[in-house]
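Protein chains in written order, with this note's numbering: chain H, -7 to 82; chain Y, -5 to 452.
Where is the CB? At the ideal position from N, CA and C, for every residue including glycine.
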Amino acid sequence: MPHNFFYFENQIIEFDEGMSVAAALLRKGINDFRQTQVTQQPRGPFCMMGACFDCLLVIDGLTNQQGCMYLAKQGIRVSRHPSYPLLEMI
Amino acid sequence: MRVAIIGAGPAGMAAAITLIKNNVRVTLFDENSGVGGQIYRNLKNQSDRNVRVFGSDYFKGRYLLNQIEAASKTPLLILKYRATIWSVTAQKQVSWSVGGSSFSQQFDAIILATGAIERAMPVEGWTNPGVMSAGAAQILMKTAAYAPANSVLIGSGPLLYVVACQMIEMGKPPIALLETQTRQDLTAAIRQLCFSAPMLTYLMKGIGMLCTLKFAGIKRIKAITNVRIRSQNKHHIIQFNKGNTEHHIEAETVLLHAGVHPNIQLTQALGLMHHWSNENLSLEPVTDDFGRTTVQDILLAGDGMKILGADAAKQSGELAALALLMDTGFAIAPFDLSKRHAQQKKYFRVRKLLELLYPPKNWHSYPSDTTIICRCEEVTAGEVRHAIKMGCAGPNQLKAYSRCGMGNCQGRFCGLTVVNLISDMIGSPAGEVGYFRIRTPIKPITLEEMANHETISD
């Protein structure tokens, strides 16, 4: 088991200290993070500086987390952001 | 006096250092986990061997970092990292969120140094995964030592070359640069050449980067237009025109860049006066030469006021701090102000040259009808044009017509395109079109964060 890792759906993603979740995923070749609200198109990181909100992920059960601003931490559970989380919850 | 400084890039750090030297208490906020801003991002943790990759321009930021580090050991400086500012009021109350809780504090004065964001370059396919901004690639290199392989950079501006050269140094040279500037732009820019230290420094840097690209055998195609990107998995086909012929090129990552403009979310939310810059083709907050705004004791510094680059940002941070000290009755030698102001003017000339050399082009400033311009709400340029034909009067009414600008990013990436499209359709100058009304909170926060609210008193 690698030292620094988090879970992304059914995968284990390694990261280095100080890396954002988005950077760790991109390095692993994962670039589709969410589906858009209107037309369910795939989206991924665009600006990497917290401005565009295209890298939204679900992290440890919390929706709408900016992957580029969220520092990767040991053992967190990350998944793609669905299109209509509120409807699914109802 | 306690001063809040928002943004810990070169402008914010320099302002903080100047105030602290005069025994003023400073709280320095940044959304990232350390000081440096985007230009000196993650500099603290960078090893010396990366000088080759990021260059001496990046490492000279250590001078500011060290001074902030020393000041943070005194009671004069409070550093607030990972703090998302969501409100700043004209009464100088600052509200922010950190780690799921929110806080407010009353300050006596505020210096906003919120920097720049990259100009949107809306082309067909710019929303596909794997299409990013050039700045995003640089952040990946600085924070994760990762550069995407087999990329194509599209657009124009100094950052395009900086990123391409850094990718070469990291062993991931881009396939090609598709550049939008034309020979006419070069002719217009050349007239701005003059002999000043900043001008020569920039020229040397520019020539150096172009040599690096040539030596590495990177293909540069200039005067390209009408970019369209088709993506499937990690494979992108970029179609573009050069002259009257159509070409295409393939890439694994596409990086767009059409220059940068001031990040005006906070200054707009504050209701400060803005004007349209015919040079930068963007909105800029109105300030005097020292960063004073239309609200007393709220000052601006750095690229968030006017795009001039890191060296000028440092100086404008010092200028804003000195102006604030003078306004609040501190004894400042007038020489300090005038000397820095004279230096600042030299950067204006360099900037003018860059603006003429790398202007945004009409084909992406006024995108085709099928191009998405509002990434969040997925609104196309055609829908915006239709709304205007139906009688939509301005950017704010456009929200009601189309939801354009109403998503998470709150107009950060569609605002200027909307101004361009409306200006074009109704035939008014861009400066008379107005802008989205930006409201607090300027970044989405949860009800829980608002409920866990604490007011900090000094």
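Coarse secondary structure for residue i, derived from DSSP in three states
| i | result |
| --- | --- |
| Val413 of chain Y | helix |
| Ala84 of chain Y | coil |
| Gly149 of chain Y | strand |
| Ile82 of chain H | Any reading at Ile82 of chain H is ruled out, since the residue's pLDDT is 48, under 50, leaving its predicted position unreliable. |
| Ser396 of chain Y | helix |
| Gln(-2) of chain H | Before going further, note that residue -2 of chain H is Phe rather than Gln in the sequence given. Here Phe(-2) of chain H sits in strand by DSSP. |
| Phe209 of chain Y | helix |
| Ala110 of chain Y | strand |
| Asn26 of chain Y | coil |
| Thr176 of chain Y | coil |
| Leu71 of chain Y | strand |
| Gln3 of chain H | strand |
| Arg19 of chain H | helix |
| Gln27 of chain H | strand |
| Thr195 of chain Y | helix |
| Ala14 of chain H | helix |
| Arg76 of chain Y | coil |
| Ile201 of chain Y | helix |
| Arg343 of chain Y | helix |
| Glu118 of chain Y | strand |
| Glu244 of chain Y | strand |
| Thr181 of chain Y | helix |
| Arg334 of chain Y | helix |
Residue i, enclosing alpha helix (DSSP H) - first and last residue
| i | result |
| --- | --- |
| Trp90 of chain Y | That residue, Trp90 of chain Y, is in no alpha helix (DSSP H); its beta strand (DSSP E) goes 87 to 92. |
| Ser359 of chain Y | 356 to 359 |
| Ile14 of chain Y | 4 to 15 |
| Ala381 of chain Y | 375 to 383 |
Inter-residue spacing [alpha-carbon to alpha-carbon] between residue i and residue j
| i | j | result |
| --- | --- | --- |
| Phe53 of chain Y | Thr288 of chain Y | 36 Å |
| Ala10 of chain Y | Ala(-2) of chain Y | 9 Å |
| Gln29 of chain H | Ser75 of chain H | 5 Å |
| Leu172 of chain Y | Lys216 of chain Y | 6 Å |
| Pro328 of chain Y | Ala8 of chain Y | 18 Å |
| Ile212 of chain Y | Gly6 of chain Y | 36 Å |
| Arg72 of chain H | Gln27 of chain H | 8 Å |
| Ile82 of chain H | Glu442 of chain Y | At Ile82 of chain H, the pLDDT of 48 sits below 50, so the modelled position is not reliable; the number obtained from the coordinates is stated separately. If I take the Cα positions, the gap works out to 20 Å. |
| Thr434 of chain Y | Glu372 of chain Y | 23 Å |
| Met126 of chain Y | Ser145 of chain Y | 10 Å |
| Thr281 of chain Y | Ile432 of chain Y | 19 Å |
| Val157 of chain Y | Ala445 of chain Y | 42 Å |
| Leu294 of chain Y | Asn257 of chain Y | 12 Å |
| His447 of chain Y | Trp90 of chain Y | 10 Å |
| Ala245 of chain Y | Ser12 of chain H | 24 Å |
| Trp80 of chain Y | Arg369 of chain Y | 21 Å |
| Ile22 of chain H | Tyr57 of chain Y | 37 Å |
| Ala141 of chain Y | Ile201 of chain Y | 23 Å |
| Arg224 of chain Y | Pro168 of chain Y | 19 Å |
| Arg454 of chain Y | Ala15 of chain H | Residue 454 of chain Y lies beyond the stretch modelled for chain Y, which goes from -5 to 452, so this question has no answer here. |
| Thr440 of chain Y | Gly94 of chain Y | 8 Å |
| Tyr62 of chain H | Ile184 of chain Y | 44 Å |
| His251 of chain Y | Gln32 of chain H | 26 Å |
| Phe48 of chain Y | Ser276 of chain Y | 29 Å |
| Leu266 of chain Y | Tyr75 of chain Y | 26 Å |
| Ala43 of chain H | Glu112 of chain Y | 10 Å |
| Ile366 of chain Y | Met400 of chain Y | 14 Å |
| Pro354 of chain Y | Asp305 of chain Y | 24 Å |
| Leu302 of chain Y | Ala191 of chain Y | 15 Å |
Beta-bridge partners of residue i, as assigned by DSSP
| i | result |
| --- | --- |
| His447 of chain Y | Y:Ser96 |
| His229 of chain Y | Y:Gln226 |
| Cys370 of chain Y | Cys370 of chain Y is not bridged to any residue. |
| Lys236 of chain Y | Y:Ile218, Y:Thr239 |
| Leu250 of chain Y | Y:Ser127, Y:Ile148 |
| Ser422 of chain Y | In DSSP, Ser422 of chain Y forms no bridge with anything. |
| Val20 of chain Y | Y:Val(-3), Y:Leu71 |
| Ala103 of chain Y | Y:Val(-3) |
Residue i: CB within 8 Å of a non-hydrogen atom of the ligand MG
| i | result |
| --- | --- |
| Met41 of chain H | You won't find the ligand MG in this model; it holds no ligand whatsoever. |
Endpoints, the beta strand (DSSP E) within which residue i is located
| i | result |
| --- | --- |
| Arg431 of chain Y | Segment: none, Arg431 of chain Y is in no beta strand (DSSP E) and carries neither H nor E. |
| Leu187 of chain Y | First-last for Leu187 of chain Y: undefined, no H or E at that position. |
| Ala387 of chain Y | From DSSP, Ala387 of chain Y is part of no beta strand (DSSP E); its letter is neither H nor E. |
| Arg(-4) of chain Y | -4 to 0 |
Residues that residue i contacts on chain B, provided the C-beta gap is smaller than 8 Å
| i | result |
| --- | --- |
| Asp8 of chain H | This model lacks chain B altogether; the protein chains it does include are H and Y. |
Q. Along the chain, which unbroken stretches of the alpha helix (DSSP H) at least 4 residues long are found entirely within the segment 37 to 63 of chain Y?
A. The qualifying runs are 45 to 53.
Q) For the segment 258 to 329 of chain Y, which segments carrying the alpha helix (DSSP H) assignment without a break, of at least 4 residues, lie completely within its bounds, in sequence order? A) Every unbroken stretch of the alpha helix (DSSP H) spanning 4 or more residues and falling wholly within the segment 258 to 329 of chain Y is given here in chain order: 259 to 263, 304 to 321.
Q | Contained alpha helix (DSSP H) runs [length at least 4] in the segment 120 to 174 of chain Y, N- to C-terminal order | A | Secondary structure within the segment 120 to 174 of chain Y: the alpha helix (DSSP H) runs of 4 or more consecutive residues, fully enclosed, are 128 to 138, 152 to 163 (chain order).
Q: Just list the alpha helix (DSSP H) runs in the segment 31 to 70 of chain H, keeping only unbroken ones of 4 residues or longer that don't cross its boundaries, in chain order.
A: Entirely contained in the segment 31 to 70 of chain H, not one alpha helix (DSSP H) run reaches 4 residues.
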